[in-house]
Amino acid sequence: MTLTAISSNLLYIAFFAYLIATFVFGGAVKGNKKGSFNSEQRWGKVAITITVIGFLAHLGYFFTRWVVSGHAPLSNMFEFTTAFGMTLVGGFIILYSLYKTPVLGMVVLPVALLIIAYASMFPNEISPLIPALQTNWLAIHVSTVVIAEGILAMSAAAGLIYLLKVVDLSKKSKQRFWLEGILYFLVLVVGFVISSSYFTLTNYETTFQYVNKDGQEATIIYNMPPIFGMNESVPLTEDTMTPLAETPPLVDASKLTTVTWSLLVGTVLYVLIRLIVRRRIVQLIQPLMKSVNIQLMDEINYRAVIIGFPIFTLGALVFAMIWAQITWSRFWGWDPKEVWALVTWLFYAAYLHLRLGKGWQGEKSAWLGVIGFAIIMFNLIVVNLIIAGLHSYA
Amino acid sequence: MENLQCQCGHVNPLGTKLCESCGRSLTDKEQNSKLVDMRYEGTARRSQTYNKSIIDKIWNFFSSVKVGVSIIVILLVAAALGTILPQQAFVPANTEATIKAYYADTYGSVGRVYHFLGFHDLYSSYWFIALVGMLAISLVIASLDRFVPLYNSLKNQRVLRHPSFMEKQRVYAQGPGADDTLQKTEAKLKELKYKVRTDKNGLLAEKGRFSRWGPYVNHIGLIIFLVGVMLRMIPGFYVDETLWIREGETRAIPEVPGYSLENVKFALETYTGEGEEARFGEALDRVGTVAKNYQTDIVLYQAPNNSLPGETDNLEVVKEYPIRVNQPLKFDGYAIYQMDYKLNELKTMTFALTDQETEESLGELTIDLIDPNESYELKNGSTVKLLGYYPNFSGFENGEPQTASPLPDNPGFLVKMTTPATPQGETSFITIQNTIEPFGPNQYKLTFQNAEMRNVSGLTVRKDSTLPILGLGGLIFMIGVAQGMYFNHRRFWLQQTDSGDILLAGHTNKNWFGLKKDLDQVSAYASLPAYTDQQEETEKEGEPQS
Ligand code: HEM
Numbered sequence: 203m204t205l206t207a208i209s210s211n212l213l214y215i216a217f218f219a220y221l222i223a224t225f226v227f228g229g230a231v232k233g234n235k236k237g238s239f240n241s242e243q244r245w246g247k248v249a250i251t252i253t254v255i256g257f258l259a260h261l262g263y264f265f266t267r268w269v270v271s272g273h274a275p276l277s278n279m280f281e282f283t284t285a286f287g288m289t290l291v292g293g294f295i296i297l298y299s300l301y302k303t304p305v306l307g308m309v310v311l312p313v314a315l316l317i318i319a320y321a322s323m324f325p326n327e328i329s330p331l332i333p334a335l336q337t338n339w340l341a342i343h344v345s346t347v348v349i350a351e352g353i354l355a356m357s358a359a360a361g362l363i364y365l366l367k368v369v370d371l372s373k374k375s376k377q378r379f380w381l382e383g384i385l386y387f388l389v390l391v392v393g394f395v396i397s398s399s400y401f402t403l404t405n406y407e408t409t410f411q412y413v414n415k416d417g418q419e420a421t422i423i424y425n426m427p428p429i430f431g432m433n434e435s436v437p438l439t440e441d442t443m444t445p446l447a448e449t450p451p452l453v454d455a456s457k458l459t460t461v462t463w464s465l466l467v468g469t470v471l472y473v474l475i476r477l478i479v480r481r482r483i484v485q486l487i488q489p490l491m492k493s494v495n496i497q498l499m500d501e502i503n504y505r506a507v508i509i510g511f512p513i514f515t516l517g518a519l520v521f522a523m524i525w526a527q528i529t530w531s532r533f534w535g536w537d538p539k540e541v542w543a544l545v546t547w548l549f550y551a552a553y554l555h556l557r558l559g560k561g562w563q564g565e566k567s568a569w570l571g572v573i574g575f576a577i578i579m580f581n582l583i584v585v586n587l588i589i590a591g592l593h594s595y596a
Numbered sequence: 016m017e018n019l020q021c022q023c024g025h026v027n028p029l030g031t032k033l034c035e036s037c038g039r040s041l042t043d044k045e046q047n048s049k050l051v052d053m054r055y056e057g058t059a060r061r062s063q064t065y066n067k068s069i070i071d072k073i074w075n076f077f078s079s080v081k082v083g084v085s086i087i088v089i090l091l092v093a094a095a096l097g098t099i100l101p102q103q104a105f106v107p108a109n110t111e112a113t114i115k116a117y118y119a120d121t122y123g124s125v126g127r128v129y130h131f132l133g134f135h136d137l138y139s140s141y142w143f144i145a146l147v148g149m150l151a152i153s154l155v156i157a158s159l160d161r162f163v164p165l166y167n168s169l170k171n172q173r174v175l176r177h178p179s180f181m182e183k184q185r186v187y188a189q190g191p192g193a194d195d196t197l198q199k200t201e202a203k204l205k206e207l208k209y210k211v212r213t214d215k216n217g218l219l220a221e222k223g224r225f226s227r228w229g230p231y232v233n234h235i236g237l238i239i240f241l242v243g244v245m246l247r248m249i250p251g252f253y254v255d256e257t258l259w260i261r262e263g264e265t266r267a268i269p270e271v272p273g274y275s276l277e278n279v280k281f282a283l284e285t286y287t288g289e290g291e292e293a294r295f296g297e298a299l300d301r302v303g304t305v306a307k308n309y310q311t312d313i314v315l316y317q318a319p320n321n322s323l324p325g326e327t328d329n330l331e332v333v334k335e336y337p338i339r340v341n342q343p344l345k346f347d348g349y350a351i352y353q354m355d356y357k358l359n360e361l362k363t364m365t366f367a368l369t370d371q372e373t374e375e376s377l378g379e380l381t382i383d384l385i386d387p388n389e390s391y392e393l394k395n396g397s398t399v400k401l402l403g404y405y406p407n408f409s410g411f412e413n414g415e416p417q418t419a420s421p422l423p424d425n426p427g428f429l430v431k432m433t434t435p436a437t438p439q440g441e442t443s444f445i446t447i448q449n450t451i452e453p454f455g456p457n458q459y460k461l462t463f464q465n466a467e468m469r470n471v472s473g474l475t476v477r478k479d480s481t482l483p484i485l486g487l488g489g490l491i492f493m494i495g496v497a498q499g500m501y502f503n504h505r506r507f508w509l510q511q512t513d514s515g516d517i518l519l520a521g522h523t524n525k526n527w528f529g530l531k532k533d534l535d536q537v538s539a540y541a542s543l544p545a546y547t548d549q550q551e552e553t554e555k556e557g558e559p560q561s
C-alpha cells in the first residue's frame, strides 16, 4: 500500500470510529434512565476509547498526508475541512477528560462526521502550492485557526445541549423554531452529501457554453443535472437535461444547482423523518437531555470561548497578518476572508463583553455560542465558495 | 463631597455598594439580593456616581459596556456588509465615473445601491473610521472607570469581612469546626499556592490576582495597535509604490532616494508534474497549469553620496538578489515585493524596406519600442522617418491615430520612406497585421521581419515604520488576553466564631469548576463543612427559565 492510500484509509477508520462512538455515546446517555451516573460512565468510557482511536487515526491521516505532499495538509477545502473535523473531536476529547460528559459526544461527533463528509465532496488529490502558500506561516497560521475553531465549536455544542434541554417545546416560540431550524440545517448538509455522492458515483458530468459577463463565450461544467443555466447557455454534452431557469451572468449556475439539489434532497429527507417520527426532530432529541446539568453546559460554553478566543486571535489575526505582510507586502487588505476573520473575532469579543452582564449567562449565552459556530461555518462555506468567487482576484 | 458611612464605622465614597472595609451591603438593592454583586468589588465607579455635567454624561456614555458592545456589533455588521460585493480597490476601474459605472453594469441595481450607499469604499469611509475611533475612546474610558477603583479595593482588602458579605457569596459553607481548622486550612491553601493572610479568627487566601488586570492590559495593547495604524497617515512612516520594470532596465526606486534597481531577468515557473512532482499529477490534470515560482533577479544600486539626483552613472552595486513571492528584497528599512508580472512584452520590431513589386530589400531597421529613433538610415541613402508612434494603437479619431496607453502592446507607426527611386517620400501607417497607405499606393513598404520580447516585472516598494508599534500592540494584547483568560482570581474567606463554627466563602472571577476543585482538596484535608453553590441553588428553584 502506498503512503497515500494508507493516509486515506486512516481517514476512513477515523470516520467509522466516530460513527460507532456516536451511537455508544447515545446509548450511554439513553441508558441512563434513572439519572444514576454509573452506567453512563461505563458506556461513556467505551465510547471515549473508540473516539480516541478514531482521533489517532485522524492524526495519522494528517501526518502521513503531510509526508506525502511535502507541506502541511491545510491548503485547500478538503484538507482544511477535514482538519477542522479533527480539531472538533480533539476539543471534545479535552472537554471530556475534564468534565466526563457523554452527551457532548453525542452532539459533537455527528457534527464532526458531517464536516468530514462535507470535506470529502471536494477534490482530495494532493495539490501543489502556489508561490504565496510556500511558507511555513501557512502551516502556523492555518493550524492555529483550525485549533481555535475546534475549541470555539465546543461552545456551540454545549450551547446546543443547553437549549435542547431548556427550550419549552410544548408551545410555539421563536426558540423552538430556531432550534428546529438548526437541526433542519444539519439535515440539509446530509442532503448535500447524499446528492453529491450520488452524482459523483454515477459520474454525472455535463458541459454548457454560455456568454459571460464580459460578453465572451465560456464553458461551465455541472456535476449535477443542471437546474439553473447560465446566460444564453447551449449544451455541449448530448442528451442533457435542459436547465429550468437562467441566471444572470454574474451568478455561477453550477454552484446554484448544487445548492438547490442539496436543498431538495435535504428537505425531502427532513419531511420523511418528520412523517416517520411524527414529531419535530427536537422533540425526538429532547428526552435524551433529561439528566443534563445545564450549569455545567453553561460553564463549558463560556470556557470554550475563553480558551478559544486568545488562540483564535493569535491564528486568525496575528499570524495571518504576519503572513500577509511577508507575502502581499501589507498585513491587512480588507479582502473578504480577512474581513470575515475580523467579524468572527469581533463577535466573540462581543460575546465576552455581554457575558460580563448578569442577564447574558445561560440561555442567551447558549444562543450566542451557536451563532458563533454559524459564523465559522458561514466563513467556511459561503465565504470560501461564494463570496470569494465573486471577487475577480480570487 | 457626600460620603457613606457603614455600620462598621468605615467611611466609603459615594456610590460604593459594598463597604470597602467589612463588605456589608450599603444599598437597598444589594441588601435585598441573595448574592452580592462582586464585579469590581462593589466599589464606587465614577460613571455610576456622577451624572451632572456634560463631561459626566460623555464619560458615562463611553464607559458603558452596553455602548461598547453596540459599537463592536455595528462594526462587525458593517464590516460584513462590505464583503457582499468587491471593494473599489479590487475592481478594474480607477476613476469616480468608471467605478460607478462598473458597479452598475456588473451588478445591476444591487450594484447601484451598493455604490450609492458608499459600501464600495466602506473601510476608508469617514463613518467607519469614526466608529473605530469611538471604539478606542470607549476602550480607554471604560477601562479607566473600572481599573482605578478595582485596583484600590483589591490592594486594600481586609481579611475579616462581615458575615452578611460571606453569606452572600456564591460558594458558601457554614458548620462546626475543630480547633486546628484554621491552621490546617492555611497549610493546605499555601500548598495550593494561595497567598494567605490571617487576622485574629479569620483568614483570606488569594491566588491569581494579577489576572484581574488582563482586560486592562489587552485594552492597552489594542490602543497601541490603533495608534500605530493612525501613524501611517503621517508622511515618512509609510511608503507604498508600484514599480514596473522591464528585463534589462534600470530604474530609480520611487520614494527611495539614491537607490536604483535593475531587472536582470524575470521568470515564471510552473509545476511540471514530473519526477519529484509526480504526486501532484492528478491535481495538475484537473486544474491545468499551476504556478510554482515568480522570480525577478535584480541588482540593487546606490548612487554615491555626492552624485546629483537622477544621475545614473557611477552607480555602486549594493546587492544581487532573486526577489520571489515570500522572499522580498530588504534594505535600509525598505522591502521590495514580487507582486505582478507581464510576459512577453514587445521590445523591438524589425522591418525591411522592400520594393512591393520586385521584393528587393533596401535594408532592415530595428525600432526600439520604448525609445524609438526619429529616423533610420538604410542602404543607398534611403531613410525611414518616424512621423508618429502609437505604442498601443486603438483606432482613428478624426483621421488621427490614437494610443490607449504608453505600453507597447499594439504598436502603430506613421512613417515616411525616402529612397533614391522615391525622393519625395511615401507615407504609410503600419500596425502589426496591417499596412495603410493614406495617399494612394506606394512603391515601397516596410515588411515585418521579427520582434524581440521580454518580460516585465511588477514590484511593490514598501516601507512601514509602524510595524514595530503594531507588533508591540499585538504582543501586549496577547499577553493581556492570556493573563485574563488562562488565569483566574480565586479567593477564600474563612472565619471561626467564638463558638467554634466555621464560616467559609469563596469567589472567583472565572472557572468555578476550578475553584471548587481547590476547595474540595482543602475541605478533605481540614474537614471543612460542606459548601453549597448558591447560584446553582437559586437556578434550580426557578428552572427552566423559558
Ligand atoms: C474589539 C475591541 C475589544 C476587545 C478585543 C476587547 C477585549 C476584551 C477582553 C478579551 C476582555 C476580557 C473579558 C473576560 O475576561 O471575560 C475584556 C474585558 C472588558 N472590556 Fe473589552 N475589548 C474590546 C472593546 C471594549 C470596549 C469598546 C469596551 C467599552 C465599554 C470594553 C470594556 C471592557 C470591560 C469593562 C471589560 C471587563 C473588565 C474587567 O472585568 O475587569 N472593551 N475586553
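Residue numbers (the working numbering), protein chains in the order written: chain A, 203 to 596; chain B, 16 to 561. Just so it is clear, CB atoms sit at the ideal spot from N, CA and C, and this is done for glycine as well. A quick note: this is a predicted structure, and the numbers were derived from the prediction, not measured.
Practice problem: Decide if A:ARG481 is buried, meaning its Cβ has at least 16 other Cβ atoms within 10 Å, or exposed. | Solution: exposed
Quiz prompt | Nearest-angstrom beta carbon gap, B:GLY489 and B:PHE131 [assumed within contact, 8 Å] | solution = That pair is no contact at about 37 Å.
Quiz item: Using a Cβ-Cβ distance under 9 Å, would B:GLN550 count as near chain A?
Solution: yes
Exercise. Return yes when at least one heavy atom of the ligand HEM lies under 8 Å from the C-beta of B:VAL279, else no.
Key: no
Quiz item: Shorter than 9 Å from the beta carbon of B:ALA116 to some beta carbon of chain A?
Solution: no
Exercise. Could you spell out where the beta strand (DSSP E) holding A:TRP534 opens and where it closes?
Key: Looking at the DSSP string, A:TRP534 is not in any beta strand (DSSP E), and its letter there is neither H nor E.
Quiz item: Using a threshold of 8 Å, is the CB atom of B:TYR501 nearer than that to any non-hydrogen atom of the ligand HEM?
Solution: no
Quiz item: Does the beta-carbon distance from A:THR224 to A:TYR298 come in below 9 Å?
Solution: no
Quiz item: Near A:VAL368, which residues of its chain fall below 7 Å by C-beta distance, leaving aside the five closest residues on each side in sequence?
Solution: Same-chain partners within the cutoff: ILE496, GLU565.
Quiz item: Does the beta carbon of A:ILE318 fall short of 8 Å from some heavy atom of the ligand HEM?
Solution: Placement of the Cβ of A:ILE318 at a distance of 8 Å or more from every heavy atom of the ligand HEM is found.
Practice problem: Determine which residues share a DSSP beta bridge with B:LYS400 and list them. | Solution: B:SER390, B:LYS431
Quiz item: Could you give the distance in angstroms between the alpha-carbon of A:VAL313 and the alpha-carbon of A:LEU388?
Solution: A:VAL313 and A:LEU388 have their C-alpha atoms roughly 8 Å apart.
Exercise. Take every Cβ of the stretch 418 to 433 of chain A, pair it with every Cβ of the stretch 454 to 462 of chain A, and state whether three or more of those distances are shorter than 8 Å.
Key: yes
Practice problem: Quick one: which unbroken beta strand (DSSP E) runs of 3-plus residues sit fully inside the stretch 388 to 435 of chain A? Chain order, please. | Solution: 408 to 413, 419 to 424
Quiz item: Using a C-beta cutoff of 9 Å, does B:PRO28 count as contacting chain A?
Solution: no
Quiz item: Taking only beta-carbon atoms, is B:MET493 less than 9 Å away from chain A?
Solution: yes
Exercise. Return the CA-CA distance between A:PRO489 and B:ILE70, expressed in angstroms with no decimal places.
Key: For A:PRO489 and B:ILE70, the distance between alpha carbons rounds to 55 Å.
Exercise. Apply the 10 Å Cβ neighbour rule to B:VAL496 and answer buried if 16 or more other Cβ atoms are within range, or exposed otherwise.
Key: buried
Quiz item: What is the DSSP secondary structure of B:TYR138, reduced to helix, strand or coil?
Solution: Here B:TYR138 carries a helix assignment [DSSP, helix/strand/coil].
Quiz item: Which residues does DSSP pair with B:GLU256 in a beta bridge?
Solution: B:VAL476
Exercise. State the Cα-Cα distance for the pair B:ALA520 and B:MET53, rounded to the nearest angstrom.
Key: 12 Å
Self-check item: Bridge-paired residues (DSSP) for B:ARG294
Solution: Under DSSP, no beta-bridge partner is assigned to B:ARG294.
Exercise. Put B:MET16 into one of helix, strand or coil per three-state DSSP.
Key: Per-residue confidence for B:MET16 stands at a pLDDT of 48, beneath the threshold of 50, marking its modelled position as unreliable; no derived number is given.
Exercise. Would you be able to state if there are at least three C-beta pairs under 8 Å between the stretch 240 to 251 of chain B and the stretch 535 to 544 of chain B?
Key: no
Quiz item: Name the chain A residues whose beta carbon is nearer than 9 Å to that of B:ARG301?
Solution: PRO325, GLU327, SER329
Quiz item: Cβ of A:PRO333 within 9 Å of Cβ of B:LYS307?
Solution: yes
Quiz prompt | Local conformation of B:GLN560 per DSSP, three classes | solution = Residue confidence is low: B:GLN560 scores 36 on pLDDT, short of 50, so the model does not pin down where it sits. Its coordinate-derived value is still stated next. DSSP places B:GLN560 in coil when its eight states are reduced to three.
Quiz item: A:LEU385: which of A:ALA551, A:THR462, A:ILE487 sits nearest, CA to CA?
Solution: A:ILE487
Quiz item: What separation, rounded to the nearest whole angstrom, lies between the Cα atoms of A:ARG557 and A:ARG378?
Solution: 23 Å
Self-check item: Euclidean distance between Cα positions of B:HIS562 and B:CYS34
Solution: This structure cannot settle anything about residue 562 of chain B, because the visible part of chain B is limited to 16 through 561.
Quiz item: Alpha carbon to alpha carbon, how far is B:LEU487 from B:GLY236?
Solution: 7 Å
Self-check item: Nearest-angstrom beta carbon gap, B:ASN216 and B:GLN511 [assumed within contact, 8 Å]
Solution: 5 Å
Exercise. Would you give the residue range spanned by the beta strand (DSSP E) that B:THR121 belongs to?
Key: Per DSSP, B:THR121 is not a residue of any beta strand (DSSP E); the alpha helix (DSSP H) it occupies stretches across 111 to 131.
Quiz item: By the criterion of Cβ-Cβ separation under 9 Å, what are the contact partners of B:MET354 in chain A?
Solution: What B:MET354 touches in chain A: TRP530, SER531.
Quiz item: So, is the C-beta of A:LYS415 closer than 9 Å to a C-beta in chain B?
Solution: yes
Quiz prompt | 9 Å Cβ cutoff met for B:THR196 and B:ILE491 | solution = no
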